[in-house]
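Protein chains in written order, with the numbering used here: chain F, 26 to 727; chain B, 26 to 727.
Quick reminder that beta carbons are idealized off the backbone N, C-alpha and C, glycines included.
For clarity, every value in this text was computed on a predicted model and none was experimentally measured.
Reading through the structure tokens given below for one structure.
Number of protein chains: 2
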Amino acid sequence: MLESLLNPQSIAVIGASRSPDKFGHRVVRNLVDCGFNGTIIPVNPNADSILDLACYPDLKTYGKEIDLSIIVVPAPLVVDAVRESITAGAKAVTVLGAGFKEVGGEGVDRENEIAEMCSNAGVRLLGPNSLGLINTENNLNASVARKMPSRGSISIFSQSGAVCSTIVDWAHGRHLGLAKFASLGNKADLNEIDFLEALAADEQTEVICGYLETISSGDGFVKAAEIAASTKPVIILKVGTTKAGGRAAIKHTGEVNSGSIGYGAAFKRSGVVRADTFGDLLDFATAFGLQPLPDGDRIVIITNAGGPGVMAVDAIDRLGLQMAEPGEASIKLLKGKFPPAAMVGNPIDLIGDAGPDRYVEAVTTLQDDENVDGLIVIMTNQERTQPAETARALKDCLKGEKPLLSVFMGGDEMSPGRDELAALNLPYFISPEQAAKAMKAMVDYSAWRKRPPRVVTRFPVNRRRVERVINRHIKRGHAEITEVQAKEILRAYDFNVPDGGITNNAEDAVEVAERIGYPVAMKIASYDIIHKSDVGGVKLNVANADAVRDTFELMMLRVNRRAPKSRVEGVYVEQMCSPGLEVIIGTRLDPDFGPMLMFGLGGIFVEVMEDVTFYLAPITQEEAMQMLKSTRSYKLLKERHGQAGIDLQAVASGLQRISQLVTDFPQIAELDINPFVVREIGNPPVVVDARMILSVANDNNG
Amino acid sequence: MLESLLNPQSIAVIGASRSPDKFGHRVVRNLVDCGFNGTIIPVNPNADSILDLACYPDLKTYGKEIDLSIIVVPAPLVVDAVRESITAGAKAVTVLGAGFKEVGGEGVDRENEIAEMCSNAGVRLLGPNSLGLINTENNLNASVARKMPSRGSISIFSQSGAVCSTIVDWAHGRHLGLAKFASLGNKADLNEIDFLEALAADEQTEVICGYLETISSGDGFVKAAEIAASTKPVIILKVGTTKAGGRAAIKHTGEVNSGSIGYGAAFKRSGVVRADTFGDLLDFATAFGLQPLPDGDRIVIITNAGGPGVMAVDAIDRLGLQMAEPGEASIKLLKGKFPPAAMVGNPIDLIGDAGPDRYVEAVTTLQDDENVDGLIVIMTNQERTQPAETARALKDCLKGEKPLLSVFMGGDEMSPGRDELAALNLPYFISPEQAAKAMKAMVDYSAWRKRPPRVVTRFPVNRRRVERVINRHIKRGHAEITEVQAKEILRAYDFNVPDGGITNNAEDAVEVAERIGYPVAMKIASYDIIHKSDVGGVKLNVANADAVRDTFELMMLRVNRRAPKSRVEGVYVEQMCSPGLEVIIGTRLDPDFGPMLMFGLGGIFVEVMEDVTFYLAPITQEEAMQMLKSTRSYKLLKERHGQAGIDLQAVASGLQRISQLVTDFPQIAELDINPFVVREIGNPPVVVDARMILSVANDNNG
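So, in structure tokens, the structure goes:
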């Protein structure tokens, strides 16, 4: 994939320059200096040769076909350069330099024009506003980067050129090898999804890192990321996920953005390792890039000082990792070898005078201990500390089956140790907390890799009935679906809805009430009244025929007085439901990722405590149960589940059924079953109230 | 304070050595090399001179008085060396090297012996197990540190020697000057409180940093920290605050520890800046050490790349800081000076080709903008970026009235810029998120500095009545105070307790009920029954005389059957309380910091959601209101406060009164008023149930 971009045989540089301070020169020099072994064709009407390469006034004069065209001319000349490249048979084009969508106005037109030309010709376009790309495997440096990274297994794509070059510079300082590197720029054609696909298939790439400000297509992203993450870690820093950050990102990229919740749900689903900060991105890249994944979450800490050991334990506890309990054999072995003042437990305190040998003993023993999944090794500079020697000794004794993250703490005195670790391709961290955080990311990703296969249950439902209700609403331009109609839809998806009926006069109401049995609930039915209680449109526990008559007439009177303009369908008379635990289940539409399922305990928990979880539709049974478990109030659910036997599986099943509903009917923008009253096993939960909103406008437009 | 330790005129080194690899040599060499200008007296019976200094077999032979004695002999010889020092008139002693409390056994005895000797002689002791101390003001390096820090304004004390030397090494790499430095070791005498007091008074010290594993005295710590923090920032990393971390710290220091809640409350109260990680400690030290405090929380971001700008905005939003809105004049001025592609808002994007001049324009303008409280300046390496020049230009244009935190992102290419910043005494950070976190710490501390004076209200109470109840319990060895007695105590502190009385037979019960009016609540009264409901010992809403009789007899029957061994005082008959909002107020005893007040909304919120706040007693009215405000469920309280008029001040007043109660009676280990039913203004809250536990054992022992 992206063969002509990543493995071209011939490259034209349109806008090649002889002035060393110009991008048009830098690109040619990078190609030459880094050892690209295909043909380089500099194009410049005013030069005969550049860096000893024959220069052509245009591609027509050159006359042969090219694979990749790198365009470095000023923005107003780019359209012509792209046309010329396509004519010359280019299969991929990279446009460096700014002056496109990001500046608005004619920049937008210019970008659309080149994107369309490329698309029509079947040519892939990287950029515009890109810094180019690098493939260390074949010494291809088709970028303006000032440094060629050394060869390695980490590939990077970034929407920000500045972040690209920052990462390359940082990787260089860390002796960290890179595989592929792509500056996505404005993503007029090639975007993160293309690179996720290409890098997933790329044998050189073992870890994918991405920096994103927008996602080009939520659906495509989730699919591509899930496939990629199934074979190698995908670490992404997505910025602009807070409210203020979102506003700033819109200014910068001109695009609206999902919030943190949408990304959280999408990343969780697709196994993406989420970096919350730039520091995380770098730390995680190092850990995943240089160490194997842990099999579980039991971590042992090896240190030559008590204090930093406790820092690591605090971090492990806060992050929800487990302190490993090394086996008796390990303990005995190490106790025999260490001085009596050393503490052999977890942390293992080798004490201040530990040289490389004690580190080696501890690591050699514990990497073979079946009670240990990962190792954090801490070194502070004390009297007999030998940072560089210890780094080498660690490298020699490591089997590479369990991750070892080193923390070499301090300034200049520790630098030789850190440099040695870097040179030996071992990760290092400055503080115990950073190492623990990277370990946690590895543990979580490793658990995701072992997840059971996703099987989405299909329930037998009456789809046609729902279609009828929805089409009727859309035809009439009604976005809001009334409670009565929403309940009809939910009944068609096998929800337990109280028996009831719409009535148009007091006698009708009594008839329905007599049929379903007292007490009943009575509610006004109107498209125009969303908050029924506010206009006196709800009465519960109506106990007999007389009361039903009185309620009907009083309700009509009050609603007419308080909401005179609303069209009233009648009064809905409904069975009262026996009490249980009130939960909310529903869906929201994320701008990037489509329908997301929502779960929370009763009103206060969702509204005040914000104790609510989201998951991308469609969900499996495991994921639905996971939604329940990841609320803070799950404790309460579980307790009640134990005692009176609240049916948690029934809640999960409700989530799965609305997942199926919103997948079947993407027109549903929002659905709230609130409250969904959950009862003991054998007594299915009841939809007490429901509302639904359609995206009518979109549908009319579409 | 600590004059003879920090400013000695003469220093003896007992155990001075000629072998360069021994601590006994290093100390003498550090004293000499760093330029200590008093008298140095090496003591070693086997040497005539060390480093050209005359050496004495013992202090008696030297014959003159000394100020400070540094003891570097092996642990078994330390007792004699301390005795010799005291005899020679030493006013302070430092014991380096291990072999004391931390090894247990005779190490403990040894430590106790030297501590007692010093205490009896009025001599201050640093250590044992210390690495020594440094005072850059007078070139005193009385430590085994391998480096002498340059002179600066940051002082450090640390309980871990390894963390001490790590910080010194790090500070050196950052060109960060230090003032005083003390390795506390085992804290047999001098501890963090002494250094907080000394450093608060020290003119050279502008920022105090501490690393602690234990606190020597909670009370003393809070007092000393509050006084110190009132004049200069006190930044502390306290480890071992998680459950697992606490266990690890006990192993390391042998001492039990408060949890995170206790420290959280103590630090909040005393204005300590809490570092959660080692990275925070270093970052905060740099920010506070090198920049002025902000006046408010409105932050502006200046960047040469959009992406990192958005990272900073995300961080600002997450941390609860405000994005500044620069004034119109600033915007206009900058728009006139910058190229059209630059974005002048917040963030201010100087775009990729920004040289030092644009940074200077932005900083010069915004540091004078009254809508801006702090500046974060971000630089990525792009085409025309000049890191070192920009660093110098920033230094030149800074007025030093508002904090500016720089983020120079990248590897080797940015190092010259970072080095220049360090050399110019400007802080730098590697990622925008780190800078934002440091800014947040400064904003919070600055707000604390402006807090209103703490005035603890004293309510008129009946203290003697409480004394009687408590003494009676203590005499009988009853730790648990029954509901009835607890309510008597609370009534004496002016709480609104429902009317009621203990009754011993059914007719008594009816008599009490008739007096207070129906309906009544009836509850079993017994020292031995804590969970009254479990044994059928609670009945609410008893409506008439007959029901009271039935309830009395049934309750006695059931309690006798279900808890046959419990001593029953009778049945408490009590007025039923009208409904309201249920909250929990109470106290807990922290092992380090004594009584802490507790507040939370009803049962589920505290138990399931852990939505509960703690504050050290005694509290002021502001602090009590702050406790309410810092729960997540405050939203709900405020809403109800708006609607039906829940009396929030009455809850605060309840907290203040139990604060007074536990301050007056330190014997109270635990108190729960649960529920405390809060109602509208004018209708005071009611103590519906209460329990109290005394620390009887302690009291008997004491």
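Secondary structure of residue i, DSSP reduced to three states
{"i": "residue 32 of chain B", "result": "coil"}
{"i": "residue 325 of chain B", "result": "strand"}
{"i": "residue 727 of chain B", "result": "Per-residue confidence for residue 727 of chain B stands at a pLDDT of 33, beneath the threshold of 50, marking its modelled position as unreliable; the derived number appears in the next sentence. If DSSP states are grouped into helix, strand and coil, residue 727 of chain B belongs with coil."}
{"i": "residue 674 of chain B", "result": "helix"}
{"i": "residue 251 of chain B", "result": "helix"}
{"i": "residue 539 of chain F", "result": "helix"}
{"i": "residue 511 of chain B", "result": "helix"}
{"i": "residue 555 of chain F", "result": "coil"}
{"i": "residue 471 of chain B", "result": "helix"}
{"i": "residue 340 of chain B", "result": "helix"}
{"i": "residue 349 of chain B", "result": "coil"}
{"i": "residue 482 of chain B", "result": "coil"}
{"i": "residue 565 of chain B", "result": "strand"}
{"i": "residue 623 of chain F", "result": "strand"}
{"i": "residue 518 of chain B", "result": "coil"}
Cβ-based burial, residue i [other Cβ within 10 Å; buried from 16]
{"i": "residue 542 of chain F", "result": "exposed"}
{"i": "residue 556 of chain F", "result": "exposed"}
{"i": "residue 357 of chain F", "result": "exposed"}
{"i": "residue 685 of chain F", "result": "buried"}
{"i": "residue 27 of chain F", "result": "buried"}
{"i": "residue 600 of chain B", "result": "buried"}
{"i": "residue 40 of chain B", "result": "buried"}
{"i": "residue 500 of chain B", "result": "exposed"}
Bridge-paired residues (DSSP) for residue i
{"i": "residue 256 of chain B", "result": "Answer is none; residue 256 of chain B lacks a bridge partner."}
{"i": "residue 368 of chain B", "result": "B/374"}
{"i": "residue 703 of chain B", "result": "B/606"}
{"i": "residue 94 of chain B", "result": "B/37, B/118"}
{"i": "residue 236 of chain F", "result": "F/183, F/262"}
{"i": "residue 453 of chain B", "result": "B/431"}
{"i": "residue 597 of chain F", "result": "F/527, F/548"}
{"i": "residue 695 of chain F", "result": "F/718"}
{"i": "residue 75 of chain B", "result": "B/78"}
{"i": "residue 505 of chain F", "result": "F/718"}
{"i": "residue 166 of chain B", "result": "B/159"}
{"i": "residue 4 of chain B", "result": "In the structure as shown, chain B starts at 26 and stops at 727, and residue 4 of chain B therefore has no counterpart that could be examined."}
(request) Determine which residues of the stretch 389-417 of chain F have a Cβ less than 9 Å from any Cβ of chain B, and write them out in chain order. (result) Against chain B - using a Cβ distance shorter than 9 Å - the residues of the stretch 389-417 of chain F are 405, 406, 407, 408.
(message) Can you pull out the residues from the stretch 331-358 of chain B whose beta carbon lies closer than 8 Å to at least one beta carbon of chain F?
(response) 331, 332, 333, 334, 335, 336, 338, 339, 340, 341, 342, 343, 348
(request) Can you give me, in chain order, the residues of the stretch 444-478 of chain F that have a beta carbon less than 9 Å from any beta carbon in chain B? (result) 455, 456, 457, 458, 459
(message) Taking 8 Å as the cut-off, does the stretch 385-403 of chain F touch the stretch 331-343 of chain F (at least 3 CB pairs, one atom from each stretch)?
(response) yes
(request) Would you check if there are 3 or more beta carbon pairs closer than 8 Å linking the stretch 456-468 of chain F to the stretch 180-199 of chain B? (result) Not touching, per the Cβ criterion.
(message) Would the stretch 107-118 of chain B count as touching the stretch 160-170 of chain B if we require 3 or more Cβ pairs under 8 Å?
(response) Touching, no.
(request) Give, in chain order, every residue of the stretch 354-385 of chain F whose Cβ lies closer than 9 Å to some Cβ of chain B. (result) 365, 366, 368, 370, 371, 372, 374, 376, 377
(request) Name, going along the chain, the residues of the stretch 195-217 of chain B whose beta-carbon falls closer than 8 Å to a beta-carbon of chain F. (result) 195, 196, 197, 198, 199
(request) Taking 8 Å as the threshold, find out whether the stretch 382-389 of chain B comes into contact with the stretch 338-353 of chain B through three or more Cβ pairs. (result) no
(message) Taking contact to mean 3 or more Cβ pairs, one atom from each stretch, closer than 8 Å, check whether the stretch 523-536 of chain B and the stretch 484-493 of chain B are in contact.
(response) The stretch 523-536 of chain B, when compared against the stretch 484-493 of chain B, does not touch it at the 8 Å Cβ threshold.
(request) Take every Cβ of the stretch 696-712 of chain F, pair it with every Cβ of the stretch 671-678 of chain F, and state whether three or more of those distances are shorter than 8 Å. (result) yes
(message) Any contact between the stretch 225-238 of chain B and the stretch 252-259 of chain B? By contact I mean 3 or more CB pairs, one from each, below 8 Å.
(response) Output reads yes: the stretch 252-259 of chain B touches the stretch 225-238 of chain B.
(request) Pull out every residue of the stretch 294-316 of chain B whose Cβ sits closer than 7 Å to any Cβ of chain F, in chain order. (result) 302, 303, 304
(message) By the 7 Å beta-carbon criterion, what residues does the stretch 253-274 of chain F contribute toward chain B?
(response) 264, 265, 266, 267, 268, 269, 270, 273, 274
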